[in-house]
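J.: As they're listed, the protein sequences go chains V and F. Our numbering applies: residue 66 is where the first sequence begins, and numbers increase by one. Our numbering applies: residue 66 is where the second sequence begins, and numbers increase by one. One structure, pasted below without further comment.
There are 2 protein chains.
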Amino acid sequence: MSASQMQLIALPGLPMVRPGDALADQILAGVAAAGETLRTGDVLVVAQKIVSKAEGRYADIRDVTPSARAQELAADVHKDPRLVELILSETQSVLRHRPGVLVVVHRLGYVMANAGIDHSNVGPDGDDHVLLLPEDPDGSARALRDRFAADPGVAVGVIVSDSVGRAWRNGTVGMALGVAGLPALQDLRGRNDLYGRPLEVSQVALADELAAAASLLQGQADEGMPVVLIRGAKIDGEPRDAAALLRPASEDLFR
Amino acid sequence: MSASQMQLIALPGLPMVRPGDALADQILAGVAAAGETLRTGDVLVVAQKIVSKAEGRYADIRDVTPSARAQELAADVHKDPRLVELILSETQSVLRHRPGVLVVVHRLGYVMANAGIDHSNVGPDGDDHVLLLPEDPDGSARALRDRFAADPGVAVGVIVSDSVGRAWRNGTVGMALGVAGLPALQDLRGRNDLYGRPLEVSQVALADELAAAASLLQGQADEGMPVVLIRGAKIDGEPRDAAALLRPASEDLFR
């Protein structure tokens with residue numbers, strides 16, 4: 066394939082992931098089911114949801130006793146106080162809230178609605194179980210990458226992705242929560258434009274763009290294609306984890 | 066190709082685009098140079114820069130006389146007052162500014178730094194010429210789509226894309242400025258998750274995800290691959306133009 070082509074393959078046949086599952090093995094089985102083998106330079110984009118499931122990041126809201134603060138906030142945002150308590154337990158600070166909307170800074174620095182806690186596709190048990198983000202998505206990505214580096218022995222990039230809302234624009238887009246083996250943020254400083262002048266746009270959110278691309282095949286609904294193999298992406302530069310994508314609060318004009 | 070694969074092809078051999086150029090012909094020549102022919106269901110992502118160039122959206126800052134407001138703001142943001150005057154001429158309102166940064170609501174509703182006005186890759190004349198966004202990017206996309214619908218006679222989607230910064234996160238990502246022939250915003254309301262429950266995430270910024278994916282091949286620097294053909298994207302729903310992606314100011318918590 067020429068350097069100017071990129072291919073995305075949604076892996077078929079992944080089973081419903083359960084706590085303790087060996088996710089790397091399931092992904093390799095999916096790669097094989099797609100008729101492919103991993104190659105150095107490939108990127109695997111893995112939906113946060115199955116990473117969280119394999120890591121057992123479930124919570125049962127029946128076990129949660131909401132604090133006074135959670136009860137007050139829950140009344141403002143029209144959500145279950147126990148769910149709000151769980152959200153707060155995953156939160157550095159509440160950024161905005163109004164009825165139906167609770168936007169926070171997640172303990173790991175992501176700005177997200179509801180600290181990324183999700184009901185959809187969590188399990189058949191009804192609305193009592195919710196799923197938290199992985200404990201350490203960069204670590205989750207690294208563990209998968211290390212496994213693939215050892216067996217089958219290829220250097221791939223791994224992204225743990227989620228779909229998130231944004232300021233200013235409608236609709237969700239894929240975003241990178243965890244990254245290993247590629248530069249989450251690609252630094253173009255020092256490069257020139259077509260006419261030899263220094264480039265104005267100098268940092269590209271490479272892992273977010275890869276997550277957004279994969280999201281086109283992952284789907285949000287009942288498609289159930291949580292892992293996408295990306296082949297042919299133009300990637301260079303030293304690996305940097307997803308923390309590189311977080312703008313420090315002191316430099317952010319929109320908090 | 067199966068429904069679970071997607072392919073992106075950066076079109077080779079596009080010439081330096083000049084005002085008045087027939088961009089549709091140049092794109093078709095690029096498709097042919099890639100050894101492809103357009104098919105119904107394909108999406109063409111076209112960098113804003115070459116659309117603006119073909120439409121002659123240049124300005125020479127030597128022709129600009131800055132207003133008092135532009136002079137004042139220019140002193141605050143450390144930019145050329147004539148460039149700031151041009152930015153203001155493309156702007157509904159100034160959202161944030163500080164030294165080096167000027168974030169505005171573009172006249173068409175996009176939240177962008179510098180109203181999308183760009184020096185990079187504009188031309189060999191040095192720093193006096195800048196390039197404004199197209200007059201009507203949805204219209205530009207529609208014109209290309211209509212041309213391809215008539216000759217060669219295929220129903221393709223067209224996205225006019227740009228690379229933009231964001232709140233909260235470092236690095237730029239591809240974004241859709243103009244859209245024709247596909248739902249810029251895909252509405253999943255009414256669909257169920259894997260367990261039959263109504264989906265929580267209900268609107269996907271499809272055109273932004275396609276623009277982000279294409280951006281991975283377009284590059285920012287001297288690669289010069291402004292048009293990317295995307296084949297195999299899962300697209301359904303009625304076409305909606307890029308205006309659907311703009312969150313109304315009254316619903317936006319981050320202005």
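Ideal Cβ positions, reconstructed from N, Cα and C, are used throughout, including at glycine.
Any beta carbon from chain V within less than 8 Å of Lys299 of chain F's own beta carbon?
T.: Chain V, which has a Cβ nearer than 8 Å to the Cβ of Lys299 of chain F, makes this yes.
J.: Would DSSP call Asp273 of chain F helix, strand or coil?
T.: The answer is helix: DSSP assigns Asp273 of chain F an H, G or I state.
J.: Per DSSP, what are the beta-bridge partners of Arg296 of chain V in this structure?
T.: Bridge partners of Arg296 of chain V: V:Gln72.
J.: Ser315 of chain V: which of F:Leu79, F:Asp211, F:Pro80 and F:Arg234 sits nearest, CA to CA?
T.: For the residues F:Leu79, F:Asp211, F:Pro80 and F:Arg234, the minimum Cα distance to Ser315 of chain V belongs to F:Arg234.
J.: Any idea if Pro313 of chain V is buried or exposed, counting beta-carbon neighbours within 10 angstroms, 16 or more meaning buried?
T.: Label assigned to Pro313 of chain V: exposed.
J.: Give every residue of the same chain whose Cβ lies closer than 7 Å to the Cβ of Gly121 of chain F, excluding the five residues on either side of it in the sequence, and list them in chain order.
T.: For Gly121 of chain F, where only same-chain residues beyond five positions count, the Cβ hits under 7 Å are Pro84 and Gly85.
J.: Thinking C-alpha only, which one of F:Leu275, F:Gln251 and F:Gly236 is nearest Asp254 of chain V?
T.: In the sequence as presented, Asp is not what sits at residue 254 of chain V; that position holds Arg. Of F:Leu275, F:Gln251 and F:Gly236, the residue nearest in Cα terms is F:Gly236.
J.: Per DSSP, which one or two residues make a beta bridge with Asp211 of chain F?
T.: According to DSSP, Asp211 of chain F bridges with nothing at all.
J.: Could you tell me whether the segment 206-226 of chain F touches the segment 92-108 of chain F, using the rule of 3 or more Cβ pairs below 8 Å?
T.: With the cut-off at 8 Å, the segment 206-226 of chain F and the segment 92-108 of chain F touch.
J.: Since Val166 of chain F sits in a beta bridge, which residues does DSSP pair it with?
T.: For Val166 of chain F, which the question treats as bridged, DSSP gives the partners F:Arg163.
J.: On the DSSP bridge assignment, give the partners of Tyr123 of chain V in chain order.
T.: Tyr123 of chain V pairs with V:Leu196.
J.: Does Ala220 of chain F come out as helix, strand or coil in the three-state DSSP assignment?
T.: Ala220 of chain F: coil per DSSP, three-state reduction.
J.: Excluding the five sequence neighbours on either side, which residues of its own chain have a C-beta within less than 7 Å of the C-beta of Ala249 of chain F, listed in chain order?
T.: For Ala249 of chain F, where only same-chain residues beyond five positions count, the Cβ hits under 7 Å are Ala241, Leu271, Ala272, Arg305, Asp306, Ala307, Ala309 and Leu310.
J.: Leaving out five residues before and five after Pro164 of chain V in sequence, what residues of the same chain have Cβ atoms less than 8 Å from its Cβ?
T.: Hits under 8 Å: Asp141, Val142 and His143.
J.: Just to confirm, does Ala276 of chain F get its C-beta within under 7 Å of one of the non-hydrogen atoms of the ligand FMN?
T.: Although the ligand FMN was asked about, the structure shown includes no ligands whatsoever.
J.: Going by the beta-carbon positions, is the gap between Ala124 of chain V and Leu198 of chain V smaller than 8 Å?
T.: Taking 8 Å as the Cβ cut-off, Ala124 of chain V and Leu198 of chain V do not qualify as a contacting pair.
J.: Below 8 Å on the Cβ atoms is my guess for Val292 of chain F versus Leu79 of chain F; work out the distance and round it to an integer in Å.
T.: At roughly 6 Å, the Cβ-Cβ gap stays under 8 Å, so Val292 of chain F and Leu79 of chain F are in contact.
J.: Just verifying my parser: in three-state terms, what is the DSSP assignment at Val176 of chain F?
T.: Note: Val176 of chain F maps to strand in three-state DSSP.
J.: Report the CB separation of Ala75 of chain F from Leu282 of chain F in whole angstroms; it is logged as a contact under 8 Å.
T.: Their Cβ separation, rounded to whole angstroms, is 4 Å, which keeps Ala75 of chain F and Leu282 of chain F in contact under 8 Å.
J.: Let's see if you can read the secondary structure: which residues bound the beta strand (DSSP E) around Gly239 of chain F?
T.: It spans Val238 to Ala245 - the beta strand (DSSP E) in which Gly239 of chain F sits, taken as one unbroken run.
J.: Hey, quick one: how far does the alpha helix (DSSP H) through Val149 of chain F stretch, first residue to last?
T.: Pro146 to Ser154 is the span of the alpha helix (DSSP H), which, as asked, contains Val149 of chain F.
J.: If you measure between the beta carbons of Ala135 of chain F and Glu150 of chain F, is that distance less than 8 Å?
T.: Yes, these two residues count as a Cβ contact at 8 Å.
J.: Along chain F, in chain order, which residues have C-beta atoms closer than 9 Å to that of Ile74 of chain V?
T.: Chain F residues near Ile74 of chain V: Ser67, Ser69, Gln70 and Met71.
J.: Note down, in chain order, every chain F residue with its Cβ under 8 Å from the Cβ of Asp306 of chain V.
T.: Here the premise fails: no neighbours, minimum Cβ distance about 13 Å.
J.: Which two residues bound the contiguous beta strand (DSSP E) that contains Val108 of chain V?
T.: Here the beta strand (DSSP E) through Val108 of chain V covers Val108 to Ala112.
J.: For Ser117 of chain V, count neighbouring C-beta atoms within 10 Å of its own C-beta (all shown protein chains included) and say buried if the count is 16 or more, exposed if not.
T.: Under this definition Ser117 of chain V is a buried residue.
J.: Residues bridged to Arg83 of chain F by DSSP?
T.: According to DSSP, Arg83 of chain F bridges with nothing at all.
J.: Report the option in F:Ala276, F:Asp211, F:Ile295 and F:Val244 whose CA atom is closest to the CA atom of Asp90 of chain F.
T.: Answer by Cα proximity: F:Asp211.
J.: Exposed or buried, what is Ala68 of chain F when buried is set at 16 or more other beta-carbons lying within 10 Å of its beta-carbon?
T.: Unreliable positioning characterises Ala68 of chain F in this predicted model, as indicated by a pLDDT of 47, which lies under 50. The coordinate reading is nonetheless provided below. The residue is exposed, with fewer than 16 neighbouring Cβ atoms inside 10 Å.
J.: Are any of the Cβ atoms in chain V nearer than 8 Å to that of Thr102 of chain F?
T.: No, no contact with chain V.
J.: Less than 8 Å between the CB atoms is what I'm expecting for Glu155 of chain F and Ile182 of chain F, so what's the real figure, rounded?
T.: Yes, Glu155 of chain F and Ile182 of chain F are in contact; Cβ-Cβ is about 7 Å, under 8 Å.
J.: Going by beta carbon distance, what residues of the same chain come within less than 6 Å of Lys299 of chain V, once the five residues before and after it are set aside?
T.: Within the same chain, Lys299 of chain V has no close Cβ partners at all.
J.: Secondary structure at Pro202 of chain V, three-state DSSP: helix, strand or coil?
T.: Looking at Pro202 of chain V - three-state DSSP - the assignment turns out to be helix.
J.: Please name the residues in the segment 148-171 of chain F whose beta-carbon is closer than 9 Å to at least one beta-carbon of chain V, in chain order.
T.: Listed by position, the residues of the segment 148-171 of chain F near chain V (Cβ gap below 9 Å) are Leu160, Arg161, His162, Arg163, Val166, Val168 and Val170.
J.: Ignore the nearest five residues each way along the sequence and tell me which others in Met177 of chain F's own chain have a CB closer than 6 Å to its CB.
T.: So the qualifying residues of the chain are His171 and Val229.
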